[in-house]
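Asks:
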Amino acid sequence: LGLGRVTSWREFNCDAVIQEKLQELYKHPDNVELYPGLVAQAGTKSGVGLPFTLGLAIISDILATIRHDRFFTTEFTKDVYTTWGYNHAKKTMLVDLINKHTTLKLARNAPLQQKP
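Once you know that position 11 of the sequence shown is 11 in the working numbering, the rest is easy, because the numbers rise by one and skip nothing.
1) Buried or exposed for TRP84, going by 16 or more other Cβ atoms inside 10 Å?
2) Look at the alpha carbon of SER8 and the alpha carbon of GLU24, and state the distance between them as a whole number of angstroms.
3) Considering only residues of the same chain and omitting the five flanking positions on each side of LEU63, which have a CB-CB separation below 8 Å?
4) Drop a sphere of 10 angstroms on the beta-carbon of ALA22, count the other beta-carbons inside from all chains shown, and report buried for 16 or more, exposed for fewer.
5) For a quick check, are the C-beta atoms of LEU38 and LEU54 less than 8 Å apart?
6) Considering just the uninterrupted stretch of the alpha helix (DSSP H) at PRO36, what are its terminal residues?
7) Taking its Cβ as the centre, do 16 or more other Cβ atoms sit within 10 Å of PHE72, making it buried, or is it exposed?
8) Check GLY43 in the structure and name its three-state DSSP category.
9) Along the chain, where does the alpha helix (DSSP H) containing ASP96 start, and where does it finish?
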């Protein structure tokens, strides 16, 4: 993400209590694990108030997802994707994703995936 290194507790959060707890637990900013560091970072003043690093990571992931989505990319070809990935994307339907992540077990010809 091209972010600079955090060198002080104040860079994590301007709240003295949070700074104190971080220092007590981690001794030095380099020792803070990813998840605690993401949630301990102060939220931004604008937008949805997410910590800067977390917000930037989410935006980066969204952009990468859109760039590689077969419906949004102009590069959905066998030359760009692996053979397996290309074939898997071609045959996977919305209902397959719903069934993979829920217990609904919808039929592949469920109306939700039919073209109008």
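A virtual CB, placed ideally from N, CA and C, is assigned to each residue, including glycine.
Owing to the predicted nature of the structure, the values given are computational and were not obtained by experimental measurement.
Replies: Once the coordinates are examined:
1) TRP84 should be labelled exposed.
2) Approximately 13 Å between the Cα atoms of the pair.
3) Hits under 8 Å: none found.
4) For the sequence presented, residue 22 should be read as Leu rather than Ala. Counting the other Cβ atoms within 10 Å of the Cβ of LEU22 gives 16 or more, which makes it buried.
5) Yes. Within cutoff.
6) First-last of the alpha helix (DSSP H) with PRO36: 34 to 40.
7) With fewer than 16 Cβ atoms within 10 Å of its Cβ, PHE72 is classed as exposed.
8) In the three-state scheme derived from DSSP, where H, G and I count as helix and E and B as strand, GLY43 is classed as strand.
9) Counting along the chain, the alpha helix (DSSP H) containing ASP96 begins and ends at 94 to 101.
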